[in-house]
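Residue numbers (my numbering): 56 to 546. Just so you know, even glycine gets a beta-carbon here, dropped at the ideal spot from N, CA and C. Just so it is clear, the structure is predicted and the values come from calculations on it, not from any experiment. As structure tokens, the structure follows; a few thoughts come after it.
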Ligand code: ADP
């Protein structure tokens, strides 16, 4: 079966859900066309699953958790299976990179970077699986108290379209390391790598029913999965609005959730910073994946003495950026779909209409297919901190610049949105590095660096509307398990 689905993907035929280790269609037989964002052409289709399919998948995951061999698989063996999966990802790296790149439109080198990160997640959680343990707690005389870290049970993972393979890996790596079983619902716009990875998981030796995939629309399959009473925990990465809907659905069953939501992440450039070193990071943090990254660095706060210098250096770089098809491997690819392209273009047009100065615009490759969803990068400055492009997550290649005076104003501006996901601080003043890192409300702060994505070892998650719970690193293993306290009275 290993080669069966991959051949199907390559030939662009009808793909299937993977439930209880078997490829199955949606019970309704309805399907979703899969188009390549680079040209808009349909090259595959996936099942449009509904509530009945979700129910089948959850029941399979429940059986595998309650009664299957998984429930008796020791932690080190779970770790070995994850490590094997990582090695299979490495072995099929070229195929997976090409698949992800075609499905999402991202440049091929980003597809390759995603494969490398995916491999690292399975390797990291493979190694971590047998290194998480409980405590013994000093208690009353005549008692021994200890804690066990137990899996939640069936974990539902709702995955977005921007980094499907990587985000699946951080969810599946942590969930499976702790002994949960999984039902994954990838995004309707980018499901293919999820199906392929689940298939590789079977090949690695994960028992049937441990790693289930159902494809479908968020409003159907996603909504049914988040509200299903057989699901014990829901983990979601995606937009803030959808995160709220999923939490409301999960609340009906009082289930725990991890929410990795939007961002409006600032990078703060102080006048004493090494500006030449900062520039490539400032550009890459918003151009990577076409700006369709929750941790995109979409606001740059620049201390007044160097504002002009940084703004003109960025304008110079922005004017040379080119968007084009994934296989051309240019600075950025297309947006994921027409809706997203129109949304990003709408933000740019509204900012121009409102009189926000447009400092530079990149271009779209002249031979880019007309059916692709391209937006050329846009650089705005100086932007009013209350403007829509200063406050709302655009999720596209749109960068805004803001001048500031002194540390206090920098921190106020950095914290002046509803989000709090990532921040960058550029300064060579050691005291300031620590002060600012402490006062910026963000789940990750980079000093003289910026890392959108990657860093599998680094706990990641939001403050404020950017969400709650932590993914990546050891922290994710705590989110993916629950503490059980056991008390012995022995006299
Ligand atoms: P976008 O709006 O850009 O498609 P979303 O955050 O809505 O981004 O999508 C992320 C994931 O959430 C996708 O897998 C999508 O199908 C799913 N999703 C969308 N709406 C819902 C919903 N109401 N309930 C559960 N999942 C949903």
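Between which two residues does the alpha helix (DSSP H) carrying residue i extend?
| i | result |
| --- | --- |
| residue 226 | 219-232 |
| residue 11 | The shown model of the chain, from 56 to 546, leaves out residue 11, and the question about it has no answer. |
| residue 426 | First-last for residue 426: undefined, no H or E at that position. |
| residue 138 | 130-146 |
| residue 521 | Taken as a continuous stretch (DSSP letters only), residue 521 belongs to no alpha helix (DSSP H), as it is neither H nor E. |
| residue 403 | 393-408 |
| residue 165 | 163-183 |
| residue 106 | 106-121 |
With a threshold of 6 Å on Cβ separation, who are the neighbours of residue i within its own chain once the five nearest residues in sequence on each side are excluded?
| i | result |
| --- | --- |
| residue 184 | 130, 133, 134 and 232 |
| residue 529 | none |
| residue 81 | 102, 103, 104 and 108 |
| residue 210 | 230, 235, 237 and 288 |
| residue 295 | 316, 317 and 520 |
| residue 312 | 289, 302 and 305 |
| residue 57 | Caution is warranted here: a pLDDT of 37 is assigned to residue 57, below 50, making its placement in the model unreliable, and no coordinate value can be reported. |
| residue 106 | 279 |
| residue 512 | 528 |
| residue 136 | 259, 260 and 261 |
| residue 393 | 428 |
| residue 59 | Here the model assigns residue 59 a pLDDT of 42, short of 50, so the residue's position is not dependable and the matter cannot be decided. |
| residue 194 | 200 |
| residue 455 | 354, 435, 438, 444 and 445 |
| residue 88 | 97 and 100 |
| residue 93 | 160, 380, 381, 389 and 427 |
| residue 191 | 201 |
Starting from the C-beta of residue i, find all residues in its chain whose C-beta is less than 7 Å away, skip the five residues before and the five after it, and write them out in chain order.
| i | result |
| --- | --- |
| residue 342 | 376, 386, 387, 432 and 452 |
| residue 464 | none |
| residue 532 | 183, 187, 229, 232 and 233 |
| residue 488 | 480, 482 and 502 |
| residue 285 | 113, 114, 117 and 209 |
| residue 71 | 78, 79, 80 and 102 |
| residue 298 | 291, 314, 316 and 522 |
| residue 140 | 177, 255, 256 and 259 |
| residue 409 | 442 |
According to DSSP, residue i sits in a beta bridge with which residue or residues?
| i | result |
| --- | --- |
| residue 74 | 77 |
| residue 515 | 526 |
| residue 415 | 434 |
| residue 213 | 240 and 291 |
| residue 198 | 544 |
| residue 203 | 539 |
| residue 387 | 378 |
| residue 69 | 100 |
| residue 192 | 200 |
Just to confirm the assignment, what range does the beta strand (DSSP E) spanning residue i have?
| i | result |
| --- | --- |
| residue 539 | 536-544 |
| residue 353 | 352-358 |
| residue 90 | 86-90 |
| residue 99 | 97-102 |
To which residues of the same chain is residue i closer than 8 Å at the C-beta, ignoring the five residues directly before and after it?
| i | result |
| --- | --- |
| residue 61 | Here residue 61 scores only 49 on pLDDT, less than 50, and its place in the model should not be relied on; the value that follows carries that caveat. 147, 150, 251 and 254. |
| residue 399 | 346, 390, 430, 449, 450, 451, 452 and 453 |
| residue 138 | 177, 178, 181 and 182 |
| residue 266 | 73, 227, 231, 236, 237, 239, 253, 256 and 257 |
| residue 484 | 325 and 327 |
| residue 329 | 481, 483 and 503 |
| residue 371 | 415 |
| residue 167 | 148 and 152 |
Whole alpha helix (DSSP H) elements within the stretch 233-265, 4-residue minimum: 247-259
Ordered list of beta strand (DSSP E) runs contained in the stretch 428-501, each at least 3 residues: 433-435, 453-459 and 477-481
Complete alpha helix (DSSP H) runs within the stretch 254-323 (minimum length 4 residues, chain order): 278-282 and 295-306
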